[in-house]
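This report concerns only the one structure given below.
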Amino acid sequence: MQTDPQMTPIKALQKYFGYSAFRHRQEEIIQHILDKKDVLTLMPTGGGKSLCYQLPAVLLDGLTIVISPLIALMKDQVDALNVNGIPAAFINSSQSTQEHIDISTRLKNNQIKLLYLAPERLFGKDSKLIDFLKTLPVSLIAIDEAHCISHWGHDFRPEYLMLSGFKLEFPNVPVIALTATADKLTKKDILEKLNLRNPAVFVSSFNRENITYKVTPKRDSFNQLLDFLEERKEDSGIIYCLSRKSTESLAADLKEEGFLAEPYHAGLDNALKARTQEAFLRDEVRIIVATIAFGMGINKSNVRYVVHVDLPKNIEGYYQETGRAGRDGLPSNALLLYSPGDAIKLKQFAMVEDNPEQSRIMLKKLDDMVKYCQLHACRRQFLLKYFDEDFPPNCGSCDFCLTDFKRFDATLIAQKALSAVSRLKERFGSTYVIDFLRGSKSEKIWEEHKQLKTYGIGADISKPEWQRYLRELTGQGYLQVTEDMYPILKLTEKSEGVLKGLEKVELVETEVIEERQPAAALPFEASLFAELRNLRADIARLENVPPYIILSDVSLQEMATYFPQTLDELRLISGFGDVKLARYGREFLLPLKTYAEKNGLVSKIKQKSTQRERKPAKERAATRSSDTAKESFTLYRAGKPVSEIAALRGLAATTIEGHLSFYIYKGDMDVTELVKSEKIPSIKDVVLSYGAEKLSPIKEVLGDDFTYGEIKAVVAWMRKNGEI
Ligand code: ADP
Ligand code: ZN
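Here our numbering is used: the first residue of the sequence shown is 828, the next is one more, and so on.
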């Protein structure tokens, strides 16, 4: 492959990868590499890290060496590059000597642009490889999964430590290190250990916009799961369980219900594991029921959902596992079935013998996980805050933000609960408080407590209901829970107003009134999509690669939405670079043409091209601290109305309004930009009397003359002013 000096990064993006715009900060990162600078890139899973070195690799003369920890990953990447017409190869222990000789010959003849290697290959006992590589014109070194070099990370690999010498062997070659792990210690470790030279660090928002988070109480998990899977029969998904045994029994039960499900855990035979994984990648197995042993190195882009039927041990693991859904950017789901019993079970596991410090950390992490499950607020905001990132409080695509709850005046209930805590001198946990409220005859209740007036005043409310109310009161800040081994309920500053009858409290009724759907993906034709999927599967089988390597689900959905009718039109579909167009274009046009003819449809590709216009540079340079909100804000500042921004970004208008409210809260935007000043006092009044916890009651009182957007804006503004 000849490099073309006229080729710009954006042209190469279209030609080789078939994409029309850069994501996150890809363009800046690529420019740094072309300027021969070292770079560290932190981007979430599915963010598009690979492109950051693959694109420079095609633009630069010479060879790009990619260090990657897993054979499966290497193979996937090499297949994907080759399908795009970019010559790439890997060297690992699964190959024969002859294959190694062939690759060296191609390397010597400059016939390979990217070479993938495991780190131990470089400095292993036969260190000839590094000497050989030094004879080649190496133009870039990429170190993927760079967190593997850190003890702090979750998958430390000692062989990664060998890479510290790598930069010294190639002092003038730029190095890019990439990872999806965001924590500060790991980042520091990577920078120190890799000996990077004055590196530029690029951190993207870790928000996974296309994943909808949902937590639901675990009751009858199998039937809950069946309900969830019923609508997703054709989709690929991962179901995580805690124990090996339950992966096997659950997979067997699902199979009996007709699902293509297989178990996966570390105790299974290696060959079987490899077969299961391969079948999953090829869409032949739809569901993997796994322990956390499954996932690392799974590049499959069309995993549509991840379910946790048991509680994960910490947020880090949960976020990583849910992150395996929707790498292709299409709407995907993360569902967690939560039971407090799981938390108690895990608590026992979290105790590390003879290591109180370690136990304390593990328990704290578990506690955060439980808090997430019990959360009565935006889950996305909670997750991102956990990773030190600001996010507006209404993401529009988690179960909380998508639900309109029916609320009722629970001032009396709150008063009962708070006075019980107060009478018990803030020295007991929720179980005791509830037993006390319900007037339990148990001996566990102290005799002197049984004499108190508050004893038994909550007997009309069931135990689980009390548990929920106490959680919600905690969530709303009327109570707090200590972080002890045996957590104790305490009053807060807000308690007094309620106890004195000065403040009204609202709680959620058990029944959920309405769960809205997140913003839909493209309105594609399902039957055409199915047909295209079959064609893709046929081609993939012939080429002996997983289907998503041929084309992503995004490409298929776009085709099934816009019905391109010529090769030139097909070029406008995401993922069709020059080589894919030449190889598969005609084949895909056949069903597209037939479908259009049969249904009297014409190409709608023009509608797409307007959406694909490149965004202005300023907008693309959005940084961390919620790229997504910033993007909406920038568009708003560029004079676009909310409805247009929503359409442009494929998000719900309420989401955009949430984004803008964040900027009102931050003081970058005045409330009067979104709300007419004469409307503000009425909204304020209602917010002051009903609280801002949930918007639907406010909206109900205000009526149709006020929009959710206006209410959100005023709430944000009042928060900023400290009025609520
Ligand atoms: P990561 O390694 O960060 O998890 P990948 O590099 O696998 O993510 O990229 C995820 C998906 O996004 C891939 O299918 C990739 O081809 C696609 N992708 C990357 N950059 C772009 C872009 N600029 N436009 C459209 N799709 C992109
Ligand atoms: Zn949310």
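By construction, the Cβ of each residue, glycine as well, lies at the ideal position given by its N, Cα and C atoms.
- Runs of the alpha helix (DSSP H) lying entirely within the stretch 1379-1409 and spanning at least 4 residues, in chain order: 1380-1389, 1394-1397.
- With fewer than three CB-CB distances shorter than 8 Å, the stretch 1058-1067 does not count as touching the stretch 882-901.
- Boundaries of the alpha helix (DSSP H) around E1105: 1097-1108.
- Q1307 is bridged by DSSP to K1317.
- For S1032, the CB stays at least 7 Å from every heavy atom of ligand 1.
- The beta-bridge partner set that DSSP reports for N1160 consists of T1039, Y1132.
- Residues of the same chain with a CB within less than 6 Å of the CB of K1041, apart from the 5 flanking positions on each side, are L1162, D1226 in chain order.
- H1135 sits buried, since 16 or more C-beta atoms from the chains shown fall within 10 Å of its C-beta.
- One alpha carbon belongs to R1206, the other to K1233, and they sit about 19 Å apart.
- By the beta-carbon neighbour count (other beta carbons within 10 angstroms, threshold 16), A1093 is exposed.
- Shortest gap from the CB of R1035 to any heavy atom of ligand 2: 7 Å or more.
- A direct Cα-Cα distance of roughly 58 Å separates I918 from L1501.
- Checking the DSSP bridge columns, you'll see Y1165 partnered with P1044.
- In the DSSP assignment, the residues bridged to A915 are L941.
- Here DSSP, grouped into helix, strand and coil, assigns S1257 to helix.
- In this structure, Q1201 has its beta carbon at no less than 7 Å from each heavy atom of ligand 2.
- Every alpha helix (DSSP H) of 4 residues or more that sits fully in the stretch 1016-1095 is shown, in chain order, as 1048-1057, 1071-1083.
- When C-beta atoms of the stretch 1064-1071 are compared with those of the stretch 1101-1118, three or more pairs fall below 8 Å, so the two segments count as touching.
- In this structure, A969 keeps its C-beta atom at 8 Å or more from the C-beta atom of T1043.
- Counting along the chain, T868 sits inside the beta strand (DSSP E) bounded by residues 866-869.
- A distance filter of 5 Å between CB atoms and the heavy atoms of ligand 2 selects the following residues in sequence order: C1205, R1207, C1222, C1225, C1228.
- In the DSSP secondary-structure assignment, C1225 is bridged to Y1040.
- For D1231, the three-state secondary structure derived from DSSP is strand.
- The C-alpha of K994 lies about 17 Å from the C-alpha of E972.
- DSSP places A1117 in the strand class (E or B) of the three-state scheme.
- Of the candidates Y1490, Q1392, S1249, S1249 places its Cα closest to the Cα of K1327.
- Assignment of A1519 by DSSP, reduced to helix, strand and coil, places it in the coil class.
- DSSP places T932 within a helical segment (H, G or I) once states are collapsed to three.
- The three-state reading of DSSP puts D1236 in strand, counting E and B together.
- In this structure the stretch 1532-1545 lies against the stretch 1471-1487, because at least three pairs of beta carbons, one per stretch, are closer than 8 Å.
- A direct Cα-Cα distance of roughly 7 Å separates S966 from D888.
- Between S1382 and G1402, the gap from beta carbon to beta carbon is short of 8 Å.
- In this chain, the alpha helix (DSSP H) harbouring I1377 covers 1374-1377.
- Here H1203 is not near G1122, since their CB atoms are 8 Å or more apart.
- When the Cα atoms are used, N1129 and V1514 turn out to be separated by approximately 43 Å.
- It is roughly 12 Å from the alpha-carbon of Q881 to the alpha-carbon of L861.
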